[in-house]
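Per our numbering, the sequence shown starts with residue 10, numbered consecutively.
Just so you know, even glycine gets a beta-carbon here, dropped at the ideal spot from N, CA and C.
Note that the structure is a prediction, hence the values are computed from the model and not measured.
This report concerns only the one structure given below.
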Amino acid sequence: MRVPCFVLTPDRHGPALNVVGTQVTVLASNAATQNYGITLQRGDEGTGPPPHSHDWDEAFYVLSGEIRFLCDGQVHMCLPGTLVHIPHGTVHGFQYGKGGGQMLEITGANARAAQMFAAVDRAIPPGPPDIPRLLHVLEQNGVTVAGPT
Numbered sequence: 010m011r012v013p014c015f016v017l018t019p020d021r022h023g024p025a026l027n028v029v030g031t032q033v034t035v036l037a038s039n040a041a042t043q044n045y046g047i048t049l050q051r052g053d054e055g056t057g058p059p060p061h062s063h064d065w066d067e068a069f070y071v072l073s074g075e076i077r078f079l080c081d082g083q084v085h086m087c088l089p090g091t092l093v094h095i096p097h098g099t100v101h102g103f104q105y106g107k108g109g110g111q112m113l114e115i116t117g118a119n120a121r122a123a124q125m126f127a128a129v130d131r132a133i134p135p136g137p138p139d140i141p142r143l144l145h146v147l148e149q150n151g152v153t154v155a156g157p158t
């Protein structure tokens, strides 16, 4: 089945999902493209996911701010214009620096990122998260947390 062309203008973006302090706007899900996914992510200073891994490739392109990435045990300070590629199975995480930041996330084929973000948004209200519940939702969506939450 051929996937139709689509154009998503800003007025047609869905509402941002609250994913434990990161606002995630799904621009193209893997289901919609039948291949890759793209999200726009915005976070306040100090927010971001703990070290984790999953069975899909992803890349991040920093649009604004300074974002500290942990990739396979190495720390990288990433400024606007930086691309970070993360192969499936790699332990990684990031934290938004002073003033927060924004980036695009591109996921590879068969990724479950958009579904996972929606599940976290539904199950975990804003504020300090219920860690056992969050870990359960992540695990159900193919994400394994590798370090302290």
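Bridge partner(s) assigned by DSSP for residue 48
35 and 114
Can you give me the C-alpha to C-alpha distance between residue 61 and residue 32, rounded to a whole angstrom?
18 Å
Measuring CA to CA, which of 25, 98, 86 and 90 is closest to residue 104?
Nearest in C-alpha terms to residue 104, of all of 25, 98, 86 and 90, is 86.
Could you pull the start and end residues of the alpha helix (DSSP H) that residue 128 belongs to?
122-132
Any heavy atom of the ligand NAP closer than 8 Å to the beta-carbon of residue 137?
The ligand NAP is absent from the structure shown, which contains no ligands of any kind.
Cβ pair count under 8 Å reaching 3, the region 126-141 against the region 67-76
no
With 16 other CB atoms within 10 Å as the buried threshold, where does residue 39 fall?
Its Cβ being crowded by 16 or more others within 10 Å, residue 39 is buried.
Whole runs of the beta strand (DSSP E) within the region 73-119, excluding any shorter than 3 residues
76-80, 83-87, 92-95, 101-105 and 110-116
Within its chain, find whatever has a CB closer than 7 Å to the CB of residue 88; leave out the 5 residues flanking it on each side and keep chain order.
71 and 75
Give me the Cα-Cα distance between residue 43 and residue 102, rounded to the nearest whole angstrom.
Straight across, the Cα-Cα distance linking residue 43 with residue 102 is about 26 Å.
Here's a check: name, in chain order, each residue in its chain whose Cβ is nearer than 6 Å to the Cβ of residue 143, leaving out the five neighbours to either side.
133
If you drop the 5 nearest sequence neighbours on each side, which residues of the same chain put their C-beta closer than 6 Å to that of residue 158?
Residue placement at residue 158 is poorly supported in this model, since its pLDDT is 44, which falls under 50; the coordinates are not used for a value here.
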